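Contents: one structure, followed by commentary.
In this note's numbering, the protein residues as written are 10 to 174.
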């Protein structure tokens, strides 16, 4: 699992089709240094860019437009991203690009997102249900993995304080 998350945070390829103009809705991923680890699964950024290495702290949220609890908690992740306390990254999982973009627009979610149509990151966690939230510590290691009731601002803040601050 750590290798897949490292792939997610360490560099995602821009080899997939170029983004459509509407995908500029999401924040762009930071430029990549072009270095990827051997055997690492690469994910394209939703905007078509590539992500630079994120060593932590960070919060990674796996979500999909068809997931009710995901839709419920996404605004809390956007508020966390807006606060600037920690890097927030999304992984659009097992979803259609257009539906994910519509959901993001409906909920005013703009933080950087990766696109994982095959659910590789979710499979690597061993968890069957979305949403999944990974709390990455300052050393780039998964400090905590959360699946449960949709996260609200208060609970998300407590988990960030406990695992990534």
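Glycine included, every Cβ here is placed at the ideal spot set by N, Cα and C. A quick note: this is a predicted structure, and the numbers were derived from the prediction, not measured.
Three-state secondary structure assigned by DSSP to residue i
i	result
residue 154	strand
residue 105	coil
residue 138	coil
Exposure of residue i, with buried meaning 16 or more beta-carbon neighbours within 10 Å
i	result
residue 74	buried
residue 138	exposed
residue 82	buried
residue 157	exposed
residue 96	buried
residue 113	buried
residue 148	exposed
residue 163	exposed
residue 135	exposed
residue 77	exposed
residue 93	exposed
residue 107	exposed
Unbroken alpha helix (DSSP H) run spanning residue i, endpoints
i	result
residue 83	77 to 92
residue 117	Premise fails: residue 117 is in no alpha helix (DSSP H) and is neither H nor E.
residue 132	129 to 134
residue 162	162 to 172
Nearest-angstrom beta carbon gap, residue j and residue i [assumed within contact, 8 angstroms]
i	j	result
residue 104	residue 126	7 angstroms
residue 146	residue 84	With 8 angstroms as the limit, residue 146 and residue 84 do not qualify as a contact, their Cβ atoms being about 25 angstroms apart.
residue 169	residue 89	7 angstroms
Where the beta strand (DSSP E) through residue i begins and ends
i	result
residue 69	67 to 72
residue 143	141 to 145
heavy atom of the ligand ZN below 7 angstroms from residue i C-beta
i	result
residue 131	Among the components modelled here there is no ligand, and therefore nothing to report on the ligand ZN.
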